[in-house]
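Residue numbers (the numbering used here): 80 to 547.
Built from N, CA and C at the ideal position, the CB exists for glycine as well.
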């Protein structure tokens, strides 16, 4: 029974794996709970580190260094503030399933001030993680990585279940050779691609994988011949790839070959034509996220799907009222299963919004970017918008995000909330409002009309609808 209870408790607590605060609050329940939670927290300890968060980086490096041998710790005390006699309560490193050499390198360079010691410490930490007692499913390799994987003892066993690899395309030949021997089981690949010194050996690495499921191409600059070879290499996995992301316009028409694609993310840093999407047919596409991709090609892309789209997020692309009407129409005519939508809505097309709410009856979350995000001094017809939302929203729609600069009038908000009474309590997130609006929202939170409110919507990229 205790074994069953432990298994059940693990399944429950593992559902909180992305909620660090909740898991930490459960650590002190008792030793039994602690022994279950610590491996969950340490499966991927790097994911809780935010960019530039030095305090947590230092704490994590402290714990890692405590696993080193006594001689190594004694030597480090001359260059690093740590108690050499303290030992960790658990063998935390053994719980890791994500090995992030990129962050390890950043932490060592940030906190080890004696630079001549850095290569020695890196090697010792490498030996700490790679041995016969560890087993990793995710591997992140920094741009300048000089270790020959094939020469590291224990490498085969600790990467025998490797599923995800993230690396730069300009890594050295000997590193690629070692990785190629390990990548047969990899089904997710993330490549960072620059302009110079891209290693064509990466193609062999892609070909080695038995079944690629997800691929990300992250570009800083464009090496066109290399990009062509890279894109062409994916055709070998055209039937298995279900997730694909890239941050520039393709140089070939390889996207047409990804016939079983379910998730497509296109996040361009520049405004380009993306004409290659015009004739692409992705019949099983379920999620589409784009940034700076022209509306006219997105209209065609959505029209060439077969009705399975449940999530659409279209960002950072300015367009006129006519194209706005066309994209809204394309969505409600071709996406009956839609659950989440992020889109610019132009004032003159609010009637099309009403049609969308009528036809997309599975909608749960709506993120509206208003026209004043692009046009200064533009007036939003809040009364008309709120009337449409209260009268036409499907029963499951209760998550709203409004990105705007024009603050709604207090009377319009009050009428919106009054008319929402009796419906599912809403989750509302907006750009900053006035103090009087905040007071009004607090009143309707008490009345149960609003479940949660946030005014932290400062960036169009803040588009996660899974907030509770």
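query, result
"Burial state of residue 252, where buried means 16 or more other Cβ atoms lie within 10 Å", "exposed"
"Span of the alpha helix (DSSP H), counted from its first residue to its last, around residue 181", "180-190"
"Nearest-angstrom Cα separation, counted from residue 124 out to residue 85", "22 Å"
"Given residue 263 as reference, the closest of 254, 201, 243 once Cα atoms are compared", "243"
"Classification of residue 501 by the beta-carbon crowding that lies within 10 angstroms, buried from 16 upward", "exposed"
"Proximity winner among 115, 175, 218, 326, relative to residue 273 (alpha-carbon distances)", "326"
"Classification of residue 526 by the beta-carbon crowding that lies within 10 angstroms, buried from 16 upward", "exposed"
"Chain B within 7 Å of residue 189, Cβ atoms only", "The chain labelled as chain B is not found in the depicted structure, where only one protein chain is given."
"Candidates 175, 319, 298, 519: closest to residue 347 by CA position", "298"
"Simplified DSSP assignment, three categories, for residue 144", "helix"
"Residue 355, DSSP secondary structure in three states", "helix"
"7 Å Cβ cutoff met for residue 444 and residue 419", "yes"
"Under the three-state DSSP convention, the category residue 508 falls into", "strand"
"Rounded separation between residue 317 and residue 275 - CA only", "27 Å"
"Residue span of the beta strand (DSSP E) that contains residue 272, given as start and end", "267-272"
"Cβ contact check for the segment 202-215 and the segment 168-180: 3 or more pairs under 8 Å", "yes"
"CB of residue 310 within 7 Å of CB of residue 333, strictly", "yes"
"Minimum length 3: unbroken beta strand (DSSP E) runs contained in the segment 465-510", "478-482, 505-509"
"Same chain only: Cβ atoms within 6 Å of residue 448, ignoring 5 sequence neighbours per side", "423, 482"
"Backbone CA spacing between residue 335 and residue 341 [nearest angstrom]", "13 Å"
"Inter-residue spacing [alpha-carbon to alpha-carbon] between residue 508 and residue 287", "45 Å"
"Reference residue 553, options 265, 489, 389, 359, closest by Cα", "Shown here, the chain extends from 80 to 547; a query on residue 553 therefore has no answer."
"Sub-7 Å separation of residue 520 and residue 485 beta-carbons", "no"
"Pair within 7 Å by beta-carbon distance, residue 421 and residue 446", "yes"
"Nearest-angstrom beta carbon gap, residue 224 and residue 250 [assumed within contact, 8 Å]", "6 Å"
"Length of the line joining the Cα atoms of residue 104 and residue 199", "37 Å"
"One or two residues paired with residue 243 in a DSSP bridge", "217, 267"
"Nearest residue (CA-CA) to residue 408, options 434, 148, 90", "434"
"Cβ-Cβ distance between residue 369 and residue 345 below 7 Å", "yes"
"Proximal residues to residue 121 (C-beta, below 7 Å), its chain only, five neighbours per side dropped", "171, 174, 175"
"Own chain, CB closer than 8 Å to residue 365, minus 5 neighbours either side, in chain order", "341, 342, 387, 388, 389, 390"
"Rounded straight-line distance, which links the Cα of residue 416 to that of residue 354", "27 Å"
"Residue 83 versus residue 96 - alpha carbon distance", "Because residue 83 carries a pLDDT of 49, less than 50, the predicted location of this residue cannot be relied on, and the following value inherits that uncertainty. If I take the Cα positions, the gap works out to 20 Å."
"Close-in-space but distant-in-sequence residues of the same chain around residue 322 (CB under 6 Å, 5 per side omitted)", "293, 342"
"Residue nearest to residue 222 in terms of C-alpha spacing, selected from 260, 190, 132, 185", "185"
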